[in-house]
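2 protein chains.
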Amino acid sequence: MILTVTLNTALDLTYRVPALVPHASHRVAQVIERPGGKGLNVARVLAALGHETVATGFAGGATGETVRELLATTTAGGPHPVRDALVPISGATRRTVAVVDTESGDTTQLNEPGPAITPAEWAAFTARFTELLDGARAVALCGSLPPGIHVGAYAELVRRARAAGVPVLLDTSGEPLRRGIAARPDIVKPNLEELAQLTGSREPYRATRDARRRGAHAVVTSLGPEGLLAATPEGLWHASPPAPVRGNPTGAGDSAVAALLAGLTEDTDWPTRLTHAVALSAATVLSPVAGEFDAPAYASLLPRVTVHEPASAA
Amino acid sequence: MILTVTLNTALDLTYRVPALVPHASHRVAQVIERPGGKGLNVARVLAALGHETVATGFAGGATGETVRELLATTTAGGPHPVRDALVPISGATRRTVAVVDTESGDTTQLNEPGPAITPAEWAAFTARFTELLDGARAVALCGSLPPGIHVGAYAELVRRARAAGVPVLLDTSGEPLRRGIAARPDIVKPNLEELAQLTGSREPYRATRDARRRGAHAVVTSLGPEGLLAATPEGLWHASPPAPVRGNPTGAGDSAVAALLAGLTEDTDWPTRLTHAVALSAATVLSPVAGEFDAPAYASLLPRVTVHEPASAA
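Here the protein sequences come in this chain order: A and B. Residue numbers are given in numbering that gives the first Met the number 0: position 215 of the first sequence equals residue 214, and the series is strictly consecutive. Residue numbers are given in numbering that gives the first Met the number 0: position 270 of the second sequence equals residue 269, and the series is strictly consecutive.
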């Protein structure tokens with residue numbers, strides 16, 4: 000199975016309104032509830048692709064109960080629903096609210112702070128994580144850290160995964176990324192903003208290679224609509240969709256992570272992994288529902304993704 | 000005991016952000032959760048004033064569970080916590096989100112639609128309501144109707160209360176108010192906007208007396224910072240605070256309803272009822288927490304409220 004970790008899970012609410020006007024009152028026309036937090040999104044995409052997937056992290060309170068119910072129901076259709084291995088906490092799982100203007104398609108985001116995690120809860124989590132590594136073919140560590148968890152938490156989890164011989168992908172930002180990358184994860188997947196924070200450079204090639212020198216075996220940088228740039232032990236590649244796609248980019252990065260994890264477990268070569276990651280990402284942007292992918296679009300995009308070794312690799 | 004009805008209960012969330020910017024991402028600095036819907040606010044204020052209070056209406060889903068827990072915990076301090084007589088439903092109680100800009104104090108409101116009520120759930124409610132009327136000294140019918148409930152619902156409940164000999168106050172708007180007022184409630188409490196919708200007039204005296212001719216025994220119109228205007232069988236009065244108060248007006252109308260209900264059960268004269276309603280309303284605006292009142296301010300405002308019979312009463 001593939002294991003995903005979401006320390007700061009969320010109940011994601013999407014509100015559709017004609018247009019958000021500050022200091023006015025709005026009747027919300029439509030409410031969509033989804034299990035949220037990057038690792039849960041990755042797990043749902045993996046389940047939709049037919050992989051056996053286990054999701055761990057934290058969940059608590061009424062919002063946490065709702066997240067668990069939604070995780071079960073939204074993955075019930077596939078051959079392997081996501082197995083829920085979330086660790087209960089005394090605090091309540093946070094909500095995020097995305098207010099979508101139906102007139103313009105623009106989104107306003109409101110993110111609640113996460114619940115504080117106690118030392119006993121962190122200890123219970125690390126014990127569960129270590130158990131779950133036995134049987135995992137790959138693990139993804141995704142998203143921000145909730146309050147109460149030490150900033151070196153991802154570095155600690157990367158070391159535990161490596162000690163267990165399980166390939167590990169890290170998708171986070173800021174100081175948790177800086178510390179985590181030094182613990183030598185197999186893959187990190189920053190976007191350009193996260194990479195600039197880490198390396199001080201906004202030049203994609205330079206920054207991606209700089210990040211790799213900090214410890215990651217491979218760095219896969221998201222270039223948004225222009226695809227993915229990967230610095231790996233086998234070389235440097237740029238994978239691009241046949242044309243930029245228009246739609247809702249929410250969850251596109253999580254779909255790329257899901258494809259890279261699947262590639263790790265199948266031991267495919269890098270160009271193949273990147274092709275799947277770019278096609279799945281673009282198919283996610285094209286889906287009308289944020290964080291889900293358009294399966295026919297995924298199939299039709301796969302043969303049209305281009306992968307090349309850029310000249311600046313020299 | 001005093002009975003309050005909230006057909007469209009809510010989980011009220013208050014998010015504090017420095018300033019809401021459309022199409023940007025915001026970290027919410029503080030989240031406050033409260034049981035919401037006008038009738039629950041009225042019940043909490045009555046409980047804080049020491050009255051035995053029963054709250055009915057509908058609650059369902061994880062949000063409904065949270066509303067019930069919050070109702071129990073937020074009224075646990077007084078001599079009589081609000082007794083929860085909410086009727087369970089299969090749908091989920093709606094959320095409302097108030098985004099408060101801490102820089103300006105302005106609020107942006109997002110209100111989810113309520114859950115659809117089935118005919119069986121409405122039948123269960125009316126049976127519970129009729130049981131509860133036996134023992135009630137007054138009843139308040141508050142707020143909007145959720146989907147699935149017929150627009151004459153409040154008229155039906157007013158008739159049931161009158162048949163049971165229980166004084167009834169109606170606080171709603173639009174067509175439910177128009178139908179409800181024709182069933183002859185003891186008091187209706189519109190604001191100027193609701194009154195203009197009902198009567199077509201924005202002139203407070205004319206509109207208040209017009210509303211009374213439509214069937215209510217008394218009409219108490221909220222004039223916002225300028226107090227209350229009441230057309231009653233005993234005469235016309237205007238009650239005003241000593242000076243306009245600055246603060247958060249959320250819940251000020253619900254506090255006025257609580258004071259008017261308490262006056263109904265104590266059979267005080269109209270000037271006394273209006274004095275309490277204006278002082279309690281102003282003390283609610285002055286409270287730092289939306290929907291709660293500042294008890295020392297209430298005590299100090301009471302002797303300073305003025306009530307006069309306006310010249311235009313002639």
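Note that the Cβ used here is the ideal one computed from N, Cα and C, for glycine as well. Given the structure is predicted, the values throughout are model-derived calculations rather than measurements.
Check	Outcome
Secondary structure of A:H307, DSSP reduced to three states	strand
Simplified DSSP assignment, three categories, for B:V98	strand
Proximity of A:G381 and A:T62 at Cβ, strictly below 8 Å	Because chain A is modelled from 0 through 313, residue 381 of chain A falls outside the range shown and cannot be assessed.
Status (buried if at least 16 other CB within 10 Å, exposed otherwise) for B:H237	buried
According to DSSP, residues forming a beta bridge with A:I148	The partner list for A:I148 (beta bridge, DSSP) is empty, contrary to what the question assumes.
DSSP three-state assignment for B:T171, whether helix, strand or coil	coil
B:T8: contacting residues in chain A (beta-carbon distance under 9 Å)	The premise fails here: B:T8 is roughly 15 Å from chain A at the closest Cβ pair, so nothing lies under 9 Å.
Close beta carbons around A:A97, own chain, < 6 Å, minus the five adjacent residues each side	T13, T106, Q108
Residue of B:E291, B:L222, B:H216, B:H275 minimising C-alpha distance to B:S299	B:H275
According to DSSP, residues forming a beta bridge with B:V254	Reading the sequence as shown, one finds Ser at residue 254 of chain B and not Val. Note: B:S254 sits in no beta bridge, so no partner.
B:V16 and B:A28 closer than 8 Å at C-beta	yes
Cβ shell of A:E174 (< 8 Å), same chain only, five flanking positions each side left out	V150
C-alpha gap between A:A75 and A:V284, whole angstroms	23 Å
A:G104 - containing alpha helix (DSSP H), residue span	That residue, A:G104, is in no alpha helix (DSSP H); it is neither H nor E in DSSP.
Any 3 or more C-beta pairs closer than 8 Å across the segment 77 to 84 of chain A and the segment 285 to 299 of chain A	no
B:T125 versus B:A152: straight-line alpha-carbon distance, rounded	10 Å
Rounded C-alpha distance that separates A:N190 from A:R158	23 Å
Test item: CB-CB of B:T264 and B:A137 under 8 Å	yes
Straight-line gap, A:A182 to B:E68 (C-alpha atoms, nearest Å)	44 Å
Per DSSP, cross-strand counterpart(s) of B:L235	B:A230
Contact list for A:L191 against chain B, beta-carbon separation under 8 Å	Chain B residues near A:L191: none, gap ~16 Å exceeds 8 Å.
is_contact[B:L2, chain A] using C-beta, thresh 8 Å	no
Three-way DSSP call (helix, strand, coil) for B:T92 in this model	coil
Cβ-based burial, B:E291 [other Cβ within 10 Å; buried from 16]	buried
Proximity below 8 Å, CB of B:T92 to CB of B:A58	yes
Assigned exposure category for A:S24 - 16 Cβ within 10 Å defines buried	exposed
Closer than 8 Å to chain E by CB, B:R136	Of the chains in the structure shown, none is chain E; the protein chains are A and B.
The segment 161 to 176 of chain B in contact with the segment 184 to 199 of chain B per 3-pair CB rule at 8 Å	yes
Residues in the segment 98 to 127 of chain B having any Cβ partner in chain A nearer than 9 Å	V98, D100, S103, D105, T106, T107, Q108, L109, N110, E111, P112
Alpha-carbon spacing of A:T95 relative to A:E32, whole angstroms	10 Å
Chain B contacts made by the segment 46 to 71 of chain A, where a contact means CB separation under 9 Å	G60, A61, T62, E64, T65, E68
Residue ranges of each beta strand (DSSP E) within the segment 37 to 86 of chain B, 3 or longer	52 to 58
Start and end residues, alpha helix (DSSP H) containing B:V165	First-last for B:V165: undefined, no H or E at that position.
Beta-carbon contacts of A:E102 that lie in its chain and below 7 Å, excluding the five residues immediately before and after	P17, A18
C-beta contact flag for B:G391 and B:A54 at 8 Å	The first residue shown for chain B is 0 and the last is 313, placing residue 391 of chain B beyond what the model contains.
Alpha-carbon spacing of B:P203 relative to B:A278, whole angstroms	21 Å
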